[in-house]
Amino acid sequence: MIEPGSTIGILGGGQLGRMIALAAATLGYKTHIFCPDAGSPAMLVTPFATVAAYEDEAALASFAAAVDVVTFEFENVPAATATFLANLKPTRPGPHVLATAQDRLKEKDFLRSIGIATTEYQEITSLASLARMVRDRGRECILKTVRLGYDGKGQVALTPESDLAAAWNGIGGETGILEDFVDFTCEVSVIVARTEAGACATYVPVENQHSHHILDTTIAPARITPELAMRAEAIARHIAEKLDVVGLIAVEMFVTQSGEVLVNELAPRPHNSGHWTLDACMTSQFEQLVRAVCGLPLGSPDRHSDAVMKNLIGDDIQKWRDAVAEPSAKVHLYGKNEARPGRKMGHVTRLLPKR
Ligand code: AMP
């Protein structure tokens with residue numbers, strides 16, 4: 597067990613790192629942020645920080661020497677960085693989890709290999725193969741970059757009439773993945789925490805509404821049948837086990853018109869759709885991550901309230917003024933001083949009586 601008083605190293609300095617650091621502090625841990633950007637949100641809540649590139653091995657080695665365990669707050673940290681650190685300190689989740697989750701093809705191949713349904717997908721390696729596949733499908737599909745995509749970045753919707761050359765160049769002309777467009781009834785996600793010993797705690801499925809591909813609202817719990825909720829939870833637990841996750845994994849899924857559950861994406865870290873747990877659950881996703889990576893018993897994921905979480909994106913940040921005066925709203929601001937369009941600046945969770 598890594599006991600309170602020890603130091604948790606966090607790769608990445610965004611709001612997720614900030615909320616991990618705050619949860620860690622509550623349990624008496626110190627946190628040390630490793631991030632290329634000085635003054636990032638996580639660095640504003642802990643005095644220990646290394647500002648260096650993820651490829652800087654000397655900086656990584658001294659970071660490893662200063663911490664007792666390493667975790668990460670976004671999955672686009674190079675897998676080689678996680679492998680380098682894993683040779684020096686326990687790194688949780690392990691580098692293999694990062695390598696799978698940061699490559700959409702590897703991720704979907706893995707899901708298929710363990711019997712989990714996903715959207716139909718194909719690897720695209722050239723404009724010619726893109727043109728052939730889009731024509732063969734004859735319906736709307738989505739072309740995505742294989743790596744470094746999030747919040748809808750690096751993806752474009754296509755039909756056989758679209759300008760395919762522009763789409764191919766738009767994703768950088770590198771390997772892509774072409775998916776069927778899913779006409780879903782709703783998007784849900786499930787977050788699972790898992791310890792090294794294999795204990796799991798699963799949060800109730802929540803419903804996610806996106807605007808411009810960015811999460812806008814999370815409704816907890818999701819408005820789906822108990823049978824669908826059980827299926828979604830079972831899928832997420834199965835993935836956490838088969839991927840041998842130590843820490844957290846968020847599983848994003850589509851619920852289709854015919855009642856199928858298709859996995860869209862995995863995120864092996866705290867997830868925006870789990871922010872409501874800070875205010876409505878016995879144990880937040882951030883505390884759960886700290887418990888899992890330090891080998892403490894997991895806390896209860898049960899909720900005492902239902903909740904609706906709304907992101908404050910870009911200029912929405914000004915809405916904090918009204919929200920902070922609402923009796924049942926909890927306001928979380930990330931300390932970012934520039935409100936660019938599409939930038940997550942904070943969120944508001946409104947609590948409701950538990951159904
Ligand atoms: P992603 O980056 O894959 O998480 O995609 C961001 C959002 O785009 C998802 O949450 C969906 O709202 C939408 N999206 C992604 N892939 C598909 C798909 N195959 N069919 C329909 N919508 C999709």
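Sequence positions in the sequence shown follow my numbering and run 597 to 951. Heads up, the beta-carbon is just placed ideally off N, CA and C, and yes, glycines get one too.
Distance, Cα to Cα, residue i vs residue j?
| i | j | result |
| --- | --- | --- |
| Tyr799 | Ala863 | 15 Å |
| Leu894 | Ala697 | 23 Å |
| Gln718 | Pro923 | 49 Å |
| Ser709 | Ile606 | 31 Å |
| Asp840 | Val693 | 8 Å |
| Pro817 | Glu803 | 7 Å |
| Leu701 | Ile773 | 7 Å |
| Ile815 | Ala660 | 38 Å |
| Lys915 | Ala662 | 39 Å |
| Ser807 | Lys906 | 11 Å |
| Tyr625 | Phe668 | 16 Å |
| Lys940 | Thr873 | 18 Å |
| Lys685 | Ala846 | 24 Å |
| Ala925 | Lys950 | 15 Å |
| Tyr650 | Gly690 | 16 Å |
| Ala676 | Leu744 | 15 Å |
| Ile738 | Asp779 | 12 Å |
| Gly734 | Glu934 | 43 Å |
| Lys838 | Arg917 | 45 Å |
| Gly891 | Val851 | 34 Å |
| Arg731 | Thr821 | 37 Å |
| Phe777 | Pro756 | 13 Å |
| Glu792 | Ala763 | 42 Å |
| Arg827 | Glu736 | 28 Å |
| Thr781 | Ala648 | 43 Å |
| Phe644 | Tyr930 | 18 Å |
| Leu908 | Ser880 | 20 Å |
| Gly768 | Ala832 | 32 Å |
| Thr622 | Arg936 | 31 Å |
| Thr813 | Gly750 | 22 Å |
Once the 5 residues before and after residue i are set aside, which same chain residues still bring their CB inside 6 Å of it?
| i | result |
| --- | --- |
| Ala617 | Thr627, Ala638, Val641, Thr642 |
| Ala789 | Ala797, Leu844, Gln884, Ala888, Leu894 |
| Thr771 | Thr721, Val742 |
| Glu848 | Ser785, Asn860, Glu861 |
| Phe989 | This structure does not reach residue 989, given that the chain is present from 597 up to 951, and the question cannot be answered. |
| Thr714 | Lys704, Leu707, Leu858, Val859 |
| Thr646 | Phe630, Ala655, Phe659 |
| Ser636 | Gly609 |
| His928 | Gly942, His943 |
| Arg899 | Ala876, Cys877 |
| Val666 | Gly605, Leu681, Lys685, Thr687 |
Between the beta-carbon of residue i and the beta-carbon of residue j, is there less than 8 Å?
| i | j | result |
| --- | --- | --- |
| Gly870 | Gly910 | no |
| Met878 | Ser896 | yes |
| Ile604 | Ala620 | yes |
| Ala727 | Leu754 | no |
| Lys740 | Glu775 | yes |
| Asp875 | Leu947 | yes |
| Thr687 | Ala695 | no |
| Ile835 | Ile712 | yes |
Which term fits residue i, buried or exposed, when burial requires 16 or more other beta carbons within 10 angstroms of its beta carbon?
| i | result |
| --- | --- |
| Val920 | exposed |
| Gln611 | buried |
| Asp633 | exposed |
| Glu783 | buried |
| Ala903 | buried |
| Gln853 | exposed |
| His809 | exposed |
| Asn868 | buried |
| Pro801 | buried |
| Thr945 | buried |
| Ala830 | exposed |
| Glu671 | buried |
| Ala657 | exposed |
| Gly855 | exposed |
| Gly613 | buried |
| Ala724 | exposed |
Apart from the five residues just before and just after residue i, which ones in its own chain have a Cβ nearer than 8 Å to its Cβ?
| i | result |
| --- | --- |
| Glu653 | Phe680 |
| Gly601 | Gly624, Tyr625, Lys626 |
| Pro674 | Tyr650, Glu651 |
| Asp699 | Val742, Arg743 |
| Val842 | Arg688, Pro689, Gly690, Arg790, Thr791, Glu792, Ala888, Val889 |
| Val886 | Ile604, Ile616, Ala619, Ala620, Leu623, Tyr625, Leu892 |
Less than 7 Å between C-beta atoms, sequence neighbours within five positions excluded: which residues of the same chain meet that for residue i?
| i | result |
| --- | --- |
| Gly766 | Val752 |
| Lys932 | Pro637, Arg939, Met941 |
| Ala795 | Leu894 |
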